[in-house]
Amino acid sequence: MKFALNLSVGRRLALGFASLVALSLMLAVQSLTEFRAAGSRLHDIVEVNNPKSDLANQLLNEINMLAIQSRSITLLTDVKEIDDELKVMAAAEGRYMKAEQALGDSLAGGAGTDDETKLVKDIVAARTKTLPLFKLAAEQGKNGQNIDATMTLTLQVRPAENVWRQKVADLIRVEAVLNAAALDQARAGQTRAMVGGAVLGSLALALGVVLAWLITRSVTRPIAQAIEVTERIAQGDLTSTLKSTSKDEFGRLLDGVATMQDRLRDLVSQIRQSADSIQVASTEVAHGNADLSARTEQAASNLQQTASSMEQLTGTVKQTADSAHTANQLASSASVVAERGGKVVGQVVSTMNEINSSSKKIADIIGVIDGIAFQTNILALNAAVEAARAGEQGRGFAVVAGEVRSLAQRSAEAAKEIKALIGTSVDKVETGSKLVQDAGTTMNEIVASVQRVSDIIGEITAAASEQSSGIGQVNTAVTQLDQMTQQNAALVEESAAAAASLKEQANKLTSVVSTFRIAATQEAPALAVVAAHGEAHPVAKQAIQRAQQAAAPVVAAPKKAAPPKLTQAAPVAATPAPAAPKPAAPSDDDWETF
């Protein structure tokens, strides 16, 4: 049985039909043999024995005719009537001789049995002895010797005639026996043909039923298993176990379905891990943006307080040198605050660069998902082609391949939409990064301007007009800084909105993938990936800590008025963001690996 299962379906069918054909040929040969034998026996009866029997009967009839004519002649006295009887007698003799000749010819060459040959010889001998006696009696009757003719018929012809008749009758009986034997043999052959046909037919029927049951069972069972597994896959259940016990086409089909389920299970597990990672990263980005927004609002409030202080400083420009000294201290404090603002902006630049890098990594992951969906689509297309080649047996698998291809196309469309959203987010983050870098440059300029204001306030004691001009520049710079801070707050809100959208898309992707059920041993790596992301990428926490450290108030100790000094503040250069890697384009190697 196991050997039969390892055969291909075509070979099994060929073996089954060959067995049935062999039995049918045996039945046909046996029937043909018996029919030919019966036909030969019927031929012997109709074409051989019956003609011999007919010839023997004709001989007997002609003997009767000769006996009647010879006796009639002895009773007649009219010459004309006697001549007519003689003619009839001569005609009967002629017919007899032809029949005897035909009978002898039919037995020529050993065509007849020994009994037939012997009887024919005896008939010829009896005819040779009796026929001249018939002629003698007729001649005596013609000559008017009726008494002699009667004596001849009574004493000589009758004994010889009886022997002659008996030999012909024996030949007729032998032919009847031969016909009966041939008929019995034909009936026996018919019986053998019927019994053999019934036996071989029953054997062929039983073998056909058994082979049909075995072949049907070997076909329907694996197909039923494949249908059950594919229906569970269509419902999102990837936990089925499928084992094939044969090496035929259906065994390879079950192996292919099992391999497809394993590949799909691995793919779903990887997508689930990627979706969880995206969700964690987007959550961290959202938290970081929220904290950054709060810090930006705090910086704007500080700038407003600085502007108020500068207005008070403008009102006290005309005060005494002590007021100028106090203004110098206030300018120094403003310089310190501006430096802190420059550091905060630098940290914002770093955070935006990290956000930009994370967004591009997410775009890379979406690109991988899109590539996997494309490869799955190609695999489903190849499976459909193979199913089409399989014909009727592969129709169920073609439907399943179509469903898998539809799911792959839907996954590809979802990945494309996510990729488009991520691309938009990356563009916005890059724009925000550039704006933050510009803000850092502006902040450096503000620091330099504040230091110049400090120098100018130091010169207030020498030139009030120059002090007034310097205070105006400080007011302008603070106003610009306020505007920049408000712009930064708006950019932070946009970044927060993009992060929220990314989180929403990640949640949708997680919800879509969660429809598939996989083994618990494959769900654990996804949780490990989430924990690893939570520990390996604390971007928001680090950014918040740096912002809190930079935003700590620095209180300058009061100093006495000092002569103003012309100094230039070293610009605080913003830390350049590392170039984000471009999304990796899918290549043919991905397909080979897949």
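No gaps in the numbering here: position 48 of the sequence shown is 50 in the numbering used here, and each next residue is one more.
Beta carbons: idealized from backbone N, C-alpha and C, even for Gly.
In this text, all values refer to a predicted model and were calculated from it rather than measured experimentally.
- Membership of G146 in any alpha helix (DSSP H) is not indicated, and neither H nor E is assigned to it by DSSP.
- Within the same chain, Cβ atoms closer than 6 Å to the Cβ of T298 are found at N490, A491, V494, the five residues on either side in sequence being excluded.
- Exclusion of the five residues before and after A502 leaves A288 as the residues of its chain whose Cβ lies within less than 7 Å of its Cβ.
- Taking all protein chains in view, the Cβ of M196 is surrounded by fewer than 16 other Cβ atoms within 10 Å, so the residue is classified as exposed.
- When secondary structure is reduced to three states using DSSP, D107 falls in the helix class.
- Annotation: S242 is outside any alpha helix (DSSP H) and is labelled neither H nor E by DSSP.
- Contact annotation, L202 with M28: C-beta distance approximately 6 Å; criterion of less than 8 Å satisfied.
- Unbroken beta strand (DSSP E) stretches of 3 residues or longer found wholly inside the segment 460-521: none.
- Where E394 is concerned, there is no enclosing alpha helix (DSSP H), because DSSP gives it neither an H nor an E.
- Excluding sequence positions up to five before and after E341, its CB lies within less than 6 Å of the CB of V449, all in the same chain and listed in chain order.
- I364 is positioned such that its CB atom lies closer than 8 Å to that of L504.
- No residue range can be given for Q158, since it is assigned to no alpha helix (DSSP H) and is classified by DSSP as neither H nor E.
- Going by beta carbons, N379 and A414 fall inside the 8 Å limit.
- Per DSSP, reduced to three states, the secondary structure at Q321 is coil, with no helix or strand assignment.
- Around V176, the same chain offers D117, E118, L121 as residues with beta carbons nearer than 7 Å, after the five sequence neighbours per side are excluded.
- When secondary structure is reduced to three states using DSSP, T193 falls in the helix class.
- A417 is not a Cβ neighbour of A389, given a cutoff of 8 Å.
- For the options T79, N358, L256, the alpha carbon positioned closest to that of T433 is the one of N358.
- If the five residues before and after A410 are omitted, its C-beta is found closer than 7 Å to the C-beta atoms of A375, T378, N379, A382, all from its own chain and listed in chain order.
- Annotation for D56: the continuous alpha helix (DSSP H) segment containing it runs 52-77.
- Listed in chain order, the non-local C-beta contacts of Q168 below 6 Å within the same chain number zero, local neighbours out to five positions each way being set aside.
- As the crow flies, the alpha-carbon of G404 is around 19 Å from that of A226.
- G344 is a Cβ neighbour of G442, given a cutoff of 8 Å.
- Remark: C-beta atoms of I273 and I371 approach each other more closely than 8 Å.
- In the structure shown, D80 adopts coil according to DSSP, grouped into three states.
- Cβ-Cβ distances below 7 Å link I229 to G398 in the same chain, with the five nearest sequence neighbours on each side left out; the list follows chain order.
- The alpha-carbon of G199 is positioned some 29 Å away from that of R219.
- The shortest C-alpha to C-alpha distance from Q192 to any of Q32, N355, T444 is the one to Q32.
- The three-state secondary structure of T115, taken from DSSP, is coil.
- Within the same chain, D484 come within 8 Å of Q306 by CB-CB distance, once the 5 residues on both sides are set aside.
- By alpha-carbon distance to V270, the top candidate from G238, G253, G258 is G238.
- Contact check between the segment 72-89 and the segment 143-150: three or more CB pairs, one atom from each, fall below 8 Å, which counts as touching.
- About 5 Å separates the Cβ atoms of P224 and L256, confirming a contact at the 8 Å cut-off.
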